[in-house]
Amino acid sequence: MSTTEQVTELIPDAVARQVVLPEGHRDNDALFEAYRWLRENNPLGRAEVEGYDPIWLVSKHADIMEIERQPDIFTSAGGEDKGSVNPILANQAGDAFTKSINNGSLRILETLTYLDPPEHTAIKDIALDWFRPTNLAQWETVIRDLAKAAVARLLKTDGRIDFVKDFALHYPLHVIMSLFGVPESDEPRMMALTQEFFGTADPDAAREDVEPLTPDAAAKQWVATIQDFYAYFERLLQDRRANPKDDLATIISVARDESGEYYPNEVAYGYFIAIATAGHDTTSSTLAGGMLELGRNPDLLAKAKADLALAPHIVNESLRWASPVKHFMRQATQDYTLRGRDIKKGDRFMLLYQSGNRDADAIPDPDRFDPTRRPNKHIAFGYGPHMCIGQHLAKLELRIMFEELLPHVESLELVDDTKMIQTNFVGGLKNMPVKIEFTG
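Going by my numbering, the letters in the sequence shown line up with residues 3 to 442, in that order.
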């Protein structure tokens, strides 16, 4: 590579650090300004941040889709060398720790994120039919009852709440745990684990058994939290194999491979963890982000209250706006040309979904929250084979909650500053202190 090419490819350090480092995601305004700079000045550029391997930052909607639709060229799992790459960005110290306790592999979870087709396809098919809209329809009454109960508890307050901590976090967790058949008494433990799982870089979510601020602290917390999840879900797995029920946990627990044998227990654990964490945090972040924007725009709130048929479109716009899954990593399995750049085999890519969802080339007027947006080409659930298996469940939960909550909300006003979770992976608002005026 020539000196000139290095200059044109390299992203300024301040921009790269804002996007790559977890602490850069505490300041949402600065983060989205960095995304804007990338899209306008260097939409496919190289980030070289101290402590991290060099990576390409992919900020445009079209480029993210081009990568996502070709898992044979842009691997999530390492291609033929399974476990050689991490599909979630970690620093060099974190990856080194993971390899040291996992036989040299970065494949720390047997879940879809760490797999490529055809293995990815086989594992995804275990629960794919359960997550189809035709099957989920039978759960709508159950989910609506849970939403009504959550709203009823909210209406007993004076409206001065932290919308994230007091409301948004609890409803989707309750839905997921109900679908699993997890006792309600165990939900506080599940809540703590999900916050630890995605808050590995946030000091407020640090575990007591992990030394904070060390270079490999995030990886150590990730591994420790996974082990705690394993211990909990082992009981669920064995119960469903001994006493099968008509539920999602049973489908996952009794799945068998081509030889007719149960899949390894770790496959079930991976499924359970993915659903319990991603199905919880992403939905709560989207709900909070959407309600915040409706509160900031009273005319939109009034329009939504007057026409609940807008609820599915509020869901889609809230997903685009919040984009709680901030990135996944991919690695090139061969040389490739993307946006005029010469990609080399082994190069790694950070797919910036939040940036792609603010790309004016794909989404007109992207910095305006617009629940009437048609079409809405957001990629909050990813794209291609790795598109989120739980997307229809998340949309169903959110639609029902907006339908149940909005008729009771006259206004929603921030009464203090919000804070963001310190993470470059999955997350959104950490807190949202509000005063809600209820209708009637």
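Just so you know, even glycine gets a beta-carbon here, dropped at the ideal spot from N, CA and C.
Item, Value
"Given residue 443 as reference, the closest of 395, 412, 319 and 404 once Cα atoms are compared", "With the chain represented from 3 up to 442, any question about residue 443 goes unanswered, as that position is not in the structure."
"Where residue 441 sits in the DSSP three-state scheme", "coil"
"Environment of residue 401 [buried if 16+ CB atoms lie within 10 Å]", "buried"
"Residue 1 - partner residues in DSSP beta bridges", "Nothing can be reported for residue 1, as the shown portion of the chain is limited to 3 through 442."
"Distance CB(residue 62)-CB(residue 248) smaller than 8 Å", "no"
"Residue 164, enclosing beta strand (DSSP E) - first and last residue", "162-164"
"Cutoff 7 Å; reference residue 278; Cβ partners in own chain excluding five residues on either side", "178, 192 and 196"
"Every unbroken beta strand (DSSP E) inside the stretch 111-135 [3 residues or more]", "none"
"Cβ shell of residue 328 (< 8 Å), same chain only, five flanking positions each side left out", "27, 354, 355, 356, 425, 426, 427, 428 and 429"
"Beta carbon of residue 388 nearer than 8 Å to that of residue 70", "yes"
"Residue 3 burial status per 10 Å Cβ neighbour count (16 or more: buried)", "With a pLDDT of 40 at residue 3, under the threshold of 50, the modelled position of that residue is not reliable, and no figure is offered here."
"Which residues DSSP lists as bridging residue 264, in chain order", "258"
"One or two residues paired with residue 435 in a DSSP bridge", "164"
"Euclidean distance between Cα positions of residue 8 and residue 58", "Legend: pLDDT at residue 8 = 47, less than 50; position of this residue unreliable, value from coordinates given subsequently. Cα to Cα, residue 8 sits roughly 12 Å from residue 58."
"Reduced DSSP secondary structure (H/G/I, E/B, other) of residue 345", "strand"
"Nearest-angstrom Cα separation, counted from residue 12 out to residue 48", "5 Å"
"Residue(s) in a DSSP beta bridge with residue 411", "440"
"DSSP three-state assignment for residue 54, whether helix, strand or coil", "coil"
"Residue range of the unbroken beta strand (DSSP E) whose run includes residue 371", "Taken as a continuous stretch (DSSP letters only), residue 371 belongs to no beta strand (DSSP E), as it is neither H nor E."
"Test item: CB-CB of residue 431 and residue 373 under 8 Å", "no"
"Residue 233 classed as buried or exposed, judged by whether at least 16 other C-beta atoms fall within 10 angstroms", "exposed"
"Buried versus exposed call for residue 252 [16 or more other C-beta atoms within 10 Å across all chains shown]", "buried"
"Residue burial classification, residue 78 (beta-carbon count within 10 angstroms, cutoff 16)", "buried"
"Three-way DSSP call (helix, strand, coil) for residue 271 in this model", "helix"
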